[in-house]
Each structure stands twice: as C-alpha cells, then as structure tokens.
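Listed below in structure tokens is the structure:
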C-alpha cells in the first residue's frame, strides 16, 4: 500500500515517513494515521484503496442496509472490526469494510453467518462506516420492532420517532427488494393501515399498524418521491432510487386520495430481475426462435398483448436490447420510461402539458428512426399513426390489452384499422401470461382426476401424474416460488395475410394451427405436465372454460 500511495501522487515520501513514525508510536494502520494527520481525506483514501484492490467503493450514505442481517451481528463486533454486513443474496454476503484484507474481520462475518459460502467485500471510509453503524443499530432491527418503537416512543421523543419512521420505510423497501416484490401497497382503512407486497403477481399482507402513525410515514414516502407533502386531495406521482447491495434500484411512487385517506403504492424497478436476455424470460425455445426472427424484419408491426402485470414491458425491453446496435436508430415513446436502455433514445409521454403519443410519433418520424417502440396503442389516432409508420419502412413494436393473439385483430378493428389495412404490415403477434411456479422444495406428485384427464385429452395430451406443493419455509408456506412465462404467437406469412385481407379469421385460425400454432391453454397445460405449475394456477391466470 505504501508504494501505491506514493504512485498515486497524492502523498509525498516525507509525509509517508512522518506517518510511519507515528505508526510506531500508536500501533495503528498506516492509512488511518495518514487521515488523522490530515495528509489525506477519508474519501480520497477509500478511493485509492478500492482502486489498488480492483474492487468497488461502497456509498453507504446513499444505500439502505438489510436490518435483518444486523439482528445476528452484534454492534460491538461491527465497531471493533470496522465491518458491516449489507445484503445477502442466497449464499453470497455483501459487506463493507475499511480494510478489505482484514482476515479477522472476514472471519467474524463467516462466524456469524455460517450459511454463507461467498463474501463480496466493498471498501468503505472509516467515517462513513462509523456513521452507518450508529444509524443502522440506532433502532429496532425488524419491521415488527420498528412499529413497536414508533408506537412506544411517539409521545416521548419526536426526533427518535421520526428516525424510527425513516428506518421503518427503509426496512420495508429493502425487505421488498430482497423478496422480489414488484409493488408495495400502503392502504388506510378504518383505524389501521395495511401494508401488502405483490409477490409473484399476487398481493400478500405483510403487516398492519395504527392509522395515527400513517401521516408520519406518508410524509417520509412523499419526501423521498419528491411529492408535495401538503397536497392530499389530488393524486401525485414521483420516483426515487436507492443503492441496494451496491446496485441502484429504482422506485416509482403514486399517491391516490380515498375515503379512508391517501393510498400509496411503490413500484419496484429492479434491473437485475427485469432486464433479462430473451433466453432468460422463461419462453420455450420455439417461441424465442420466432421472436428473434420477427424482430429482424426490416419493417412492419409487431404486437405484444396481455393484461397488466403479464410481463409485456419486460419482453419488449428484451427485444429492444437484442436488436440494439450502433447500426440502427431505435426510438421509444413510453408512459413512463421504466428502465433506461443504452443505444436507445427514450421519450416519456406526459399528458397533459407534455409530449403525447400522437405528437411523439410525428416527431420521432422526423428523427430518421429504424425501429420505433410505442408503449401502448390506446386510441384510433395512435393506432393509425403506428400502422402508418410500419407502412413507411419502419419496424414498430407496441402493446395492446387483449385476451389472446387472435383478439388483437378485432381490437385493431375497434380502433378503426380494417383487416385490409393490416394485411401485409402486421408481422407478428405475441400473447403472454406469467404463471407462478411450484416450489421445488415441497412439490409432490398426485394422481389426476377424471375431469382433468378429460381436459388433457381434449388438447391431445396425457395427464395421469400432476404436481402440487404443500408449502415450506423456502416459499414462505405458499407453495409457489418464482414465475414462468407462457405464450401463444403467430408469425404472418403470405397465406395468412390473404386470409387477413379477406377478414376470414376462422380460416386464418385453422391455417395457423396447421403451421404449429398452439393456444395459451395448450402452452399452460404443457407446463403442468412438466411439473412446473399446477392446475389451479392455469385456472387462475388463463382460465379453462
């Protein structure tokens, strides 16, 4: 480290010698002596150390720490060894240390977290780490404990209560990220407020607290989201970011007035789990192959459909990332922009008072685009503009809300586009759903019922052995863990365009089936036979009637 400090040019040989004399007297680390003598700032030293080790410096001031880890890691150990556990993903522990080569500090982490097989260290400055330790251990270390702390301290110490409220919100945020929730709901009702997470597409209650503490927590959420804390009669929206496990996680927030008070929902936008390659979306290989062929087309209209929360945006972002390059100009219109993508010019639609979809499309067409992504076709004018762009040499990707792939045609007709207009320009359609997967730890076989066997026979499948899950601690006793995408899709060829031009949808459907088209139900039943999902999930998401 001595040689690296000199090489940096930020410290002289004379200053090093003075520090070494003091080091012999005090018995402290050379780096700590340099800071105490004022030769280097804490922040600069941290950056030098991180650079010398080839690792990241951790920004503790803008990060939230998993309070659940601190329950098992005593404060005196954190202070003595200058180490703080930050976040744990499966068996990998992320931790901040002043000295990342301190074997005794690393041994303490292994001792208190015996299940961990890998430790990823980050450099933190001594000052930042000390402040983070005081802040992290200054309140109860669980959601339940923080709620109790808010209630018991409320009348005694206003400053401490506000700190507990901040810790409570931060703890909820990191807990939701850790559990891969997509949304956090705060719902006032009567004398209490309910907090729920949307996990794998289903809302699950996490806790409740007395309504008298909601204003304090609501103010904290509004400040974070840069909303007007004095406005409670009108809906508001905002966004904020936090660093979790040394990665930035974005949050989108929205308030809404109800008869019980302001409802507040936080959408979690975690790039690690949402920006995925096409191969990791969960589609079958045949679907992925068709998608790749579709988006290589030089022009035309591609539509992805499904209800809210079915993964349409994730699929389209994966498509855009697959085709993004320096050779093409990709431009988007989104409401809102959920993730910023490299090599893509993204525009956020804001109505009223900002860019509308119609104005945005007109403007984009003057920007020499090759590929255009329109977040959603909602009205006749937008539909006609999207088709016009596809007809004039552009590849246009967009979304609709329909139940299946064939309903896209009738939906476009409702929006004023005839089948003759669509023929030759509608390149392909993809309808998708997300199904909860059975927990692999508590899954078990069962014999199918007579009614189920008849259903499988209807789709020319054999379904004798099916699967269920009884629930265990791995899946929080729900029986489900993670989700998988299922889809039905069509790539239009010349014959299909002829049927479309003649508005002969029945012939189009029959022809598509001869070309290998499989319905959403068929795709879902396949996942049932593979033991990935159960029949109840097919009924809930797709329907069997």
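Residue numbers (the working numbering): 32 to 576.
Glycine included, each C-beta is placed from N, C-alpha and C at the ideal position.
- The closest CA to that of residue 231, considering only 207, 159, 543, is found on 207.
- Residue 317: member of the alpha helix (DSSP H) spanning 316-325, first to last residue.
- Cβ-Cβ separation between residue 465 and residue 341: approximately 6 Å, consistent with a contact (criterion under 8 Å).
- With a contact defined as Cβ atoms closer than 8 Å, residue 199 and residue 224 miss out at about 12 Å.
- For residue 441, there is no enclosing beta strand (DSSP E); the enclosing alpha helix (DSSP H) covers residues 438-445.
- Per DSSP, reduced to three states, the secondary structure at residue 358 is coil, with no helix or strand assignment.
- In its chain, beyond the 5 residues on either side, 269, 271, 284 have a beta carbon closer than 6 Å to the beta carbon of residue 256.
- The beta carbon of residue 443 sits closer than 7 Å to those of 414, 453, all from its chain and outside the five residues before and after it, given in chain order.
- In the three-state reduction of the DSSP assignment, residue 201 falls in the helix class.
- In this structure residue 425 is in contact with residue 330, their Cβ atoms being roughly 6 Å apart against a cut-off of 8 Å.
- Secondary-structure assignment with DSSP links residue 119 through a beta bridge to 124.
- In the structure shown, the three-state DSSP call for residue 512 is strand.
- Using a C-beta cut-off of 8 Å, the segment 491-500 makes contact with the segment 466-483, since at least three inter-stretch Cβ pairs fall below that distance.
- Taking each of 471, 245, 379 in turn and checking the Cα distance to residue 404, the smallest one comes out for 379.
- Relative to residue 128, the option among 157, 105, 66, 194 whose CA is nearest is 157.
- For residue 520, the beta-bridge partners assigned by DSSP are 461.
- For residue 392, same chain residues with a beta-carbon under 8 Å away, outside a window of 5 residues either side, are 364, 403, 405, 413, 416, 417, 420 in chain order.
- With a threshold of 16 other beta carbon atoms within 10 Å, residue 130 meets it and is buried.
- Sorting 336, 484, 352 by C-alpha distance to the C-alpha of residue 435 places 336 at the top.
- In summary, residue 252 is buried, with 16 or more beta-carbon neighbours lying within 10 Å of its beta-carbon over all protein chains present.
- Between residue 265 and residue 95, the CB-CB gap reaches or exceeds 8 Å.
- Note that the segment 135-154 touches the segment 106-124; at least 3 beta-carbon pairs, one per stretch, sit closer than 8 Å.
- Put simply, the backbone Cα of residue 53 is about 7 Å away from that of residue 64.
- For the pair residue 319 and residue 458, the CB atoms are not nearer than the 8 Å cut-off.
- Here residue 316 is not near residue 463, since their CB atoms are 8 Å or more apart.
- Of the residues 507, 525, 495, the one whose Cα lies closest to the Cα of residue 211 is 507.
- It is roughly 12 Å from the alpha-carbon of residue 49 to the alpha-carbon of residue 67.
- In this structure, the alpha-carbon of residue 44 lies about 13 Å from that of residue 61.
- The C-alpha of residue 567 lies about 44 Å from the C-alpha of residue 168.
- Around the beta carbon of residue 398, fewer than 16 other beta carbons sit within 10 angstroms, so the residue counts as exposed.
- Counting along the chain, residue 329 sits inside no beta strand (DSSP E), nor does DSSP assign it H or E at all.
- Under the three-pair Cβ rule at 8 Å, the segment 558-575 counts as touching the segment 479-496.
- Look at residue 288 here: in three-state DSSP terms it is strand.
- For residue 263, same chain residues with a beta-carbon under 7 Å away, outside a window of 5 residues either side, are 288, 293 in chain order.
- Between residue 389 and residue 376, the CB-CB gap reaches or exceeds 8 Å.
- One Cα belongs to residue 254, the other to residue 248, and the distance between them is close to 10 Å.
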